[in-house]
Structures are given as structure tokens and as C-alpha cells.
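To start, the structure under review is shown below, and the notes come after it.
There are 2 protein chains.
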Amino acid sequence: MATDSALRCPPDALAGVIERIGTLLGDRLSTNAAICEQHGHDESWHHPAAPDAVCFVHSTAEVASIVKACNDYRVPVLAYGVGTSIEGQVIAERGGVCIDLSQMNAIHAVRPVDMDATVEAGITRTQLNAHLRDTGLFFSVDPGADATLGGMASTRASGTNTVRYGTIRENVLSMTVVMPDGEIVRTGARARKSAAGYDLAHLLIGAEGTLGIITELTVRLHGLPEAVSAATVCFEDVAGAVDAVIASIQYGIPMARIELLDSLSIYAVNRHSGRDHPEKPTLFLEFHGTAAGVAEQATTMGELCREFGGSDFTWATLEEERSALWAARHSAAYAAKQLRPGMEFHATDICVPISRLAGSIEAAQADVAELGLTAPLFGHVGDGNFHLVVVLDRDNPDERAALDTLNERLITRAQAAEGTCTGEHGVGLGKRRYLEAEHGAGLDVMRAIKAALDPNNVMNPGKML
Amino acid sequence: MATDSALRCPPDALAGVIERIGTLLGDRLSTNAAICEQHGHDESWHHPAAPDAVCFVHSTAEVASIVKACNDYRVPVLAYGVGTSIEGQVIAERGGVCIDLSQMNAIHAVRPVDMDATVEAGITRTQLNAHLRDTGLFFSVDPGADATLGGMASTRASGTNTVRYGTIRENVLSMTVVMPDGEIVRTGARARKSAAGYDLAHLLIGAEGTLGIITELTVRLHGLPEAVSAATVCFEDVAGAVDAVIASIQYGIPMARIELLDSLSIYAVNRHSGRDHPEKPTLFLEFHGTAAGVAEQATTMGELCREFGGSDFTWATLEEERSALWAARHSAAYAAKQLRPGMEFHATDICVPISRLAGSIEAAQADVAELGLTAPLFGHVGDGNFHLVVVLDRDNPDERAALDTLNERLITRAQAAEGTCTGEHGVGLGKRRYLEAEHGAGLDVMRAIKAALDPNNVMNPGKML
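Going line by line, the protein sequences match chains D and E.
The letter at position 69 of the first sequence is residue 69 when you use the UniProt record's numbering, and the numbering goes up by one with no holes.
The letter at position 155 of the second sequence is residue 155 when you use the UniProt record's numbering, and the numbering goes up by one with no holes.
Dropping the structure here:
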């Protein structure tokens, strides 16, 4: 472990917390080494660090008691869903108490007329959508992993259909949050909009548990479209694919998904998911609407793609075909990892204005070649967001150095292009050093907010800021 | 004036500010009584209170100098656009310095590929859209007044097409903001999404100038649709109209506008704008899309409306007809005011989950009748938001008491229905006392943020919190 042990919380403080909350939680409080270690890593290349205790909570009130105890004893406290973050957000560098919310996965209400649902933060997106199956509604945000909704809100996640349905930010109506002093705050009403006071929900979304722990969410649901059609289309180069995407947005085609995979990603996906796509830069598309609307969108998009060199259209109209297509797309990061079995992966995550996307991708691919890295590329090109999944031996200093160089170059260029160092993965441990360049004086404002709300720095300390 | 003079800033502090910024601004700094009085009121019934000085600024740097001086001397500082707020947001109850941003209305960039624009905060929505006329793009947020974009962001405004294009909150990509200490913060990149740090843009949107002054914004633009069609349709009662709206949302008809006017509103609009709509509850609809898509939407919506008792469909397909229709709709508040010439108006602004909308409207109309008020109703029913435009003599204590009773009942019911006391008008002076019930412990969090960022309480003091 690379953790600086001087940072870890003192044993007597921890003992005080455990004594206070032990009776409350019984055997749902564990200091078992294996359980702690299991909660000390996420899906990233970052070195793990285990918390000192794990609490499997069942209610907001329990979370409030734990947080209050940790605050009183100055013990770090972190939230954990299913551990799918990829910038080390759940890594307990300073030890402390991990609050595992995965057993808080109840659905309190689904309201078809209002098209919303109130759920506990530990529910995953596939759990929620399985429950919604017969309602004609769905929850749209779909990061690659089957993350919890609390985790998705904490890291301001998005997914493949953001271009049509928005990120988690646009899909949360209100939240219940335990603040650092143990107070329970409901961040707003269930109305579709409100101008009543500061927008606490949006302040807490993306705060990575550094300002509070999300325990419940009311989220927007969307109606399942009458008709759905999906397609893949190949291009000779990435620039042609991006130009087709730009044209489709200019035309106002309301596409539900526009995903790009480069030839190496296609190779990896073909191997991992048993697909047989031509190994070329490929757009994965999905259209939602009425039957006539979908047909019209598909025709127009087909023409645009051909104009920019698109070929080898393959349509997936049956639900099973579409599911297989998107399952393959969602597992692209895992597929990439199999290019070098046993290695870790690091996914870069810049997001730029779409006019700068083709140039950013071209420069990134040149860097990957120059640095000798294995790094398939895929991305949510409708949003200007793409990932290079760098598969590396994290204990090899040369590979780490090459990754650092790649990330530095990518991010510096993205920020110069008025883009961001992270479109959807968050800051965690990995992006902290890039925030100064991105936010300047804004970083001081963030620090002032953090100091005001969490004066003892107990909430996921050392992350983000 | 109803102002408590004890609250006003001391003359010597003000003199210190004026001395500091006088050379910088020359004759763009005024203490002329008429100019100050002109900046001491908005469009609401709230009693005016003039600032002690008005600065007509030309740059973010000037705003920063003024704010810093005010902070150093503990003098209140308020931003002013064109004075169209309606909860007293610009009223200088404690005097101080008003920063008039209306001359900061430059357009720095319009980027057709990225579909965004960077503008100064003093530009109004019609100024921006006039500039965009030949680009095929438009800025969507359209409150009734021709507000400035800075004002719209400060009050978290929305308009008639929120149901399709979102409120100002969803249409701001980044902002330049002068913080209370005079620091200039850019709240984020121009990327469509970002997970890098706390969401300062969304914290500052809707903060009504209590945390900082917005000087520039980068906003999303939308493509003008290939085809547009508008229609009005009458119903026997409000419940039928609301049921039709709910059904249209369930069907997923991507309508651009769904506005309800009750019979008294129609009467007022007919008189004010020379229209001849049947005096019944009426939906004003607009469809955007491809020619075939709009035709399909209109057909489906027509069927749904008839199912819920809709009749007297009138279509407006020519651009002039549509413009006249929406001009009439946008002037509904002014039309209402003419029902009692010389009186002031107060627009209520609750927003509820749409399942609670029909009940809320019914109860509100019963209250209006019982209290003997003149109060036409209209609203953005797709969002669950409606206004009663209460036309009143604000110096008549009985009418004021009746308005207070109405507002109290409306808001109490809305909050009990998981709605909000304000959907889009903001808090200002008028809604402060309702925030405790709406936010509970969240209000303490807001106060902690305010105290951390504006420790001297100079930014629009007394508003919101």
C-alpha cells in the first residue's frame, strides 16, 4: 500500500466511534480485514487502501448517527455503493469508517403520472430498471458499470444516452443527504423546477461524498419509446465519424445514442463479446420515437453518414439484437482490459466542445502511438466526451510514467480547448492536480464551501480538493 | 417607503466607495435621485427602495472593482439588468450601490458547430435572438418579460418552452462571476458536461446575486426546427385541459410549448392584444420537428385533446399567426393588469408534481372566488407551474391581507404536495418566509454557504435568506 500512515485516523478516535455506533449496528458493523480490504478499492488502477471499519446501513437515520459520531471523533467517513468508481473515490487513504449503502436499495415509490421514482441510494440502475419493466418507464442514465444511483449522483455520472436524456444531473429531482454534522437535508421538492433558494441538489451532485452522503434520491423516469431502432456504421477514419455526428446534431436528429468505437475497441469487443464488426472506426446509433419518426431519423442519419464516408450499415431492430449490441458496448472497458490479461486499466475522460473533438481524438491517438501504450478508444461523441482505456501494469514505473504523460497532454489540450479534465468519471484521487488549471479562483470558492460545511474535514477527506 | 432606515449603509462608508470607484467610472457613476429611484423597483407589487448610487458598467473588471470596494467598506451591492424581476430582487432596501449591467450586452461569440454563444450578462433574450436570426439557431428560455440573461440566471428563470428545452439552469454551460471579495471566477468549461469539482454554476444560478454577480454567460443554443405548428384548443374545464397535458406527456409527444390560460386570462388577453379566443380554459400548444413529425404530433395531440373534451381547435401555421399568438401569451401578465388600470400585480408561482396540478388549480380558483380577488390564471402546465396574476391596490390593507391569505394557502398546499413556493420567479423579498417550511435543515446549509462566501453580507443583503 502506498498510503501515508501518518494521515490515518488515530486508533482511540476510531475506538470511540465504534463504541458509539456498535450497539446500533450489531453485526452490520465489521472490522474484519477481508471485508475492509474489499471496500478499499474501486475499478481503477489506483492503489487500494482499506477503511478501518465497514457499516452495512439500513436507513438514513443510521447514516446520520454514524456520520455524527465520525464528526465528533474526527474520524474520516466514506460512502460506498458497489465500488465501480474509477478515480479512487472510495479508496480510504486515511482509513476511517466506510458506509456501505448497498443494502439500502428499496424503491419507495414509482409515480407513473409524474414520471418519477423515489429510491434508496444503494439501488443499482439495472435493479431499478428491472423493477420498472412493466410500467412503460425507464431510468436513463447508464454508465458502463452497474453503479448505484447514489454513486452515480456523487460522481456526476452519465452514459450512452446523455445526448438525448441528460446526465444524472438532469435526472435528479431531489435527494436526501446526511450532512457532515449529521443533519438530514432534503434538497428540494418533487416539482420539475424550482427557484426557491440555493440549488443544494446540484452542489451535492458530483461532490463525491466530500460534503455529505446521499441516502435517497427522487429521479426522473422517461417513457419507453413506441419504437426503437439501432444500427452500427463504419467509417474509414475517426474524423468522418465525428463529422457525421456533428451534422446529425446540427440537423436536430433527436438520437438517443451516438457512440464511437475505434478499430482497436472493435477488435477488443469482438473478442470479448463474440461480435463480428468490421475492425474500423464505428458509430453505434440508437433512435427512439414513433415508428414513423424512427424510420425518418434513420433515413436521414443514413444519408448523413454516407456523405461522410460511412458504410457497412448493420441494423438491429429486434430487441435481442439491440440488447446484445449495447451489452457489447457497455462492456468495452472490460473488453479492453482483456487485451492484456491480469493488468489494470485507466480510462481517460476528457470532454471538449464538439468542434474540437476530432482534433482531440487525432492528437490523443498520436500520443498513444508515440508512447507505446495499449489504449482502445471509445466515447460519447454526441457530448464531446471520449475515453482511452489504457491497459497497464500499474507496478511498472515506465508504464505509469507513459500514462501520466498521456493524461497530462490530453488534459492540457482539453483545457486549452475550453474542455474539462473529466466528463463523467469525477476527480477522486486521479484528477485533483488538474483542478487548479481548470478552475483557477473557483477552486478557492470550492475550498471555502468545503471548509464551511465540513470544518473537521471528515467527509471523504483528501478527495477532489 | 417602507424601508427601515436603520438598515441602510452609513453615509461615510458609501462616500469611501464612491471616492474609490469614481475615477474609474466617471459619469457612469450616478447618485442622481431620479436614476437611483428608477433602479429601486422591479415589476412587482413590492414597495420600492432606491440604491444610493448606480454604476453603469462596461466590463467584468469594473464590476470586480466595485464589488471589492463595497466589500471593503461593508456597503451593500446589487446587480440590475432591466428591472423585470417580480419578487423585489432588485429593491435596495438597505441602500448601497446598484450595478446596472444593461450596457454590458455584447455578444462575444456564436459558435454554430458547438451550438453555443458567449454573451455579456446585460443582453436581453430578444437582443440575442435578433442577432441569431440568420444562424438557424435560437436561445430558448423565454420568461414573459424581455429580461437580461444575467437576470434570468440569477433568478433561475424559465418560460413557455421549458417542457421541451429546459429552464435557464439546463441552458447555461458556464458563467463568469464576480465573487464578494472581488475575485473573478469562471464556473466551468464550455464542454457539454463535466464532473470536475463542485458545480459552482448551478450554485450561483438562482442565488439572486447574494453570492456573486454574473457578468458573462456561455449558453446553449438550439437549432430552429424544420417545421413549427401552433394551435389553441378550448376545454369545458381546467381539469380536462390538465388531463390532456398529462396524457400528452405520457405519450411522449415532444411538444415545445403547452400553456394553459383560464377563461379570465383569455378575456384579458382578448382585450389587451385584440384576440378573439372563446372565453374558456384554453391550451396554447406548439410543435417542433420535421414536417412529418410535426404533423404526426399534431394529429396525436388533437386526438388526445378531443378525448378529454377539447374543442374549437385553431391552427396557426404561418409564422405571423404564431408570433401574434405567442406575443399575446407573453403579454398575459400585462393584459391582466389592465383588468384594473392603475393597480399593481402580484403573480403567484407555485409548481407541483403534475399529478397534483388539477387539484391545485381547482383549490386556487376556489380561494380566489372566496377572497374576492381579481386573478386570472395561466401557466406552464407541462412543468406543473402556474401563476395567478392578482391585480391589487397595494396600499389597500384589505386587498394585501387577501393576497397574503391566498399566497399562504397556495404555498402551504403546494409544499404539502411536494411542490415549491416558486417555480421560476425566485425568492427575493416575497418568498423568504416560506423557505423554512420548504427546506428545513437545508436552509442552515444555505446560510452557512452564504456566510462562508460573503462574510460581510454585502451581496444583495436581505434577499432570499
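No residue lacks a Cβ here, since even glycine has one placed at the ideal position from N, Cα and C.
For the pair residue 151 of chain E and residue 84 of chain E, the CB atoms are nearer than the 8 Å cut-off. At least one CB atom of chain E sits nearer than 8 Å to the CB of residue 192 of chain D.
In the displayed model, residue 189 of chain E falls within coil according to three-state DSSP, outside both helix and strand. Interface flag for residue 185 of chain D against chain E is set, since a Cβ pair is found closer than 8 Å. Any Cβ of chain D closer than 8 Å to the Cβ of residue 180 of chain E would place that residue at the interface, and such an atom is absent. Cβ-Cβ distances below 6 Å link residue 115 of chain D to 221 in the same chain, with the five nearest sequence neighbours on each side left out; the list follows chain order. Take residue 280 of chain D, set aside five residues on each side of it, and the residues of its chain with a beta-carbon closer than 6 Å to its own are 234, 263, in chain order. The region 230-244 of chain D makes contact with the region 306-322 of chain D; the number of CB pairs closer than 8 Å reaches 3 or more. If you look at residue 177 of chain E, you'll find it in the beta strand (DSSP E) that goes 172-178. The straight-line gap separating the alpha-carbon atoms of residue 130 of chain E and residue 266 of chain D is approximately 46 Å. Three or more pairs of CB atoms, one per stretch, sit closer than 8 Å, so the region 168-175 of chain E contacts the region 200-216 of chain E. Residue 80 of chain D carries a strand assignment under DSSP once its states are collapsed to helix, strand and coil.
Taking all protein chains shown into account, residue 108 of chain D has fewer than 16 neighbouring C-beta atoms within 10 Å of its C-beta and is therefore exposed. Residue 257 of chain D sits in a strand when the DSSP states are folded into three classes. Interface with chain E (8 Å Cβ-Cβ cutoff): residue 360 of chain D is excluded. Membership of residue 54 of chain D in the beta strand (DSSP E) is indicated by the continuous run 53-56.
Counting only Cβ-Cβ distances below 7 Å, residue 354 of chain E has contacts in chain D at 113, 114, in chain order.
Here DSSP, grouped into helix, strand and coil, assigns residue 288 of chain D to strand. Bridge partners of residue 107 of chain D according to DSSP: D:119. Around the beta-carbon of residue 407 of chain E, 16 or more other beta-carbon atoms lie within 10 Å, marking it buried. At least 8 Å separates the CB of residue 272 of chain E from every CB of chain D.
Following the DSSP letters along the chain, one finds residue 72 of chain D in no beta strand (DSSP E) but inside the alpha helix (DSSP H) bounded by residues 60-73. Counting C-beta pairs with one atom in each stretch, the region 422-435 of chain D and the region 347-355 of chain D have three or more that are closer than 8 Å, which means they touch. Within the model, the alpha-carbon separation for residue 410 of chain E versus residue 377 of chain E is close to 13 Å. By a beta-carbon distance limit of 8 Å, residue 343 of chain E contacts residue 393 of chain E. Their separation comes to about 5 Å. Taking 8 Å as the threshold, the shortest C-beta distance from residue 445 of chain D to chain E falls below it. In this structure residue 91 of chain D touches residue 49 of chain D by the C-beta definition: roughly 5 Å separates them, less than 8 Å. 383, 384, 385: these are the residues of the region 378-389 of chain D whose beta carbon lies less than 8 Å from some beta carbon of chain E, given in chain order. Contact check for residue 277 of chain E and residue 256 of chain E: beta-carbon distance about 20 Å, past the 8 Å limit, so the pair fails to qualify. In this structure, the CA atom of residue 437 of chain E is about 14 Å from the CA atom of residue 446 of chain E. In the DSSP assignment, residue 347 of chain D falls within the unbroken beta strand (DSSP E) covering 344-347. Residue 213 of chain E places its beta carbon 8 Å or farther from that of residue 17 of chain E. Those residues of the region 300-312 of chain E placed with their C-beta closer than 9 Å to a C-beta in chain D are 300, ordered along the chain. The beta carbon of residue 322 of chain E sits closer than 6 Å to those of 230, 316, all from its chain and outside the five residues before and after it, given in chain order.
Within a 10 Å sphere around the beta-carbon of residue 455 of chain D sit fewer than 16 other beta-carbons, which makes this residue exposed.
Closest in C-alpha terms to residue 12 of chain D, from the list D:39, D:38, D:74, D:55, comes D:74.
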